[in-house]
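Structure, as structure tokens:
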Amino acid sequence: MASRGSVGGLSKKAIEAADVLDAAGKDIVIMETVGVGQSELDIARAVDTTMVVLVPESGDSIQAMKAGLMEIADFFVMNKADRAGADQAVMSIKMILAFKKDSGWTPDVIKSVASEGTGIAGIVAKIAAHRSFLESTDHLQQKRRRRLEERVREIVADRLCVDFWTQERKEHLSEKMEVVMRQQSNPYDLAEELIHDFRST
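Letter by letter, the sequence shown follows residues 1 to 201 of the numbering used here.
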């Protein structure tokens, strides 16, 4: 599904679709983000296990070293591991992971060559191992509780946004922008004015 402008790399509709599949009794639901970067972190809040797939020549391994991705990945997959630079990229990621705070689960880097089917069994085994870890501790329930709480917050924020931006308030904002542009008012005062109107209705 298209990300539809979502800065977190994951469409809200994708999360809702995953809910439908879960309700239908599907044991495994695979979700994929639009790319790799520090902004694509919504996925970690939507799933039980986060796998970050990299390739050696694209610079993704450098991206992975950024704090956000290093924190969300339950394990890494270095795909196209038969290409030049793969071993060095794997070593670099493992060095960074060595400094990660111990949470009971140690992220690893698995090599694969998907076009040849190499490493797939290792990936499946790692997913199963992480699931077993989550179920043997309270991490699974903690993750799901945080996920549901975040979903409630997002739903409330979306509903409030829809209720807030009535046609009248949109027109009021447009009219008042001229005053703000002339520096006879400021964005904070205008926002407070709009919020006050919302609260009084």
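Here a beta-carbon is modelled for each residue, glycine too, at the ideal position from N, C-alpha and C.
- Query: Quick one, are the C-beta atoms of Leu-10 and Ile-43 less than 8 Å apart?
  - Reply: Ile-43 sits close to Leu-10, with the two beta carbons spaced by under 8 Å.
- Query: With a CB to CB cut of under 8 Å and the five nearest residues on each side skipped, what residues in its chain are close to Gly-104?
  - Reply: The residues are Phe-133, Thr-137, His-139.
- According to the neighbour-count rule (16 or more other Cβ atoms, all chains shown, within 10 Å of its Cβ), is Asn-79 buried or exposed? With 16 or more other Cβ atoms within 10 Å, it is buried.
- Item | Exposure of Thr-50, with buried meaning 16 or more beta-carbon neighbours within 10 Å | Within 10 angstroms of the beta-carbon of Thr-50 lie 16 or more other beta-carbons, which makes it buried.
- Message: So for Val-52, helix, strand or coil by DSSP?
- Response: Three-state DSSP puts Val-52 in a strand.
- Per DSSP, which one or two residues make a beta bridge with Met-78? Leu-54, Lys-111.
- Item | Element boundaries [alpha helix (DSSP H), containing Gly-122] | Looking at the DSSP string, the run of the alpha helix (DSSP H) that includes Gly-122 is 120-136.
- Query: In terms of alpha-carbon separation, which member of Leu-194, Arg-199, Phe-75 lies closest to Thr-106?
  - Reply: Minimum Cα distance to Thr-106 is reached at Phe-75.
- Contact under 8 Å by Cβ, Val-77 with Ser-112: Against a cut-off of 8 Å, the Cβ pair of Ser-112 and Val-77 comes out as a contact.
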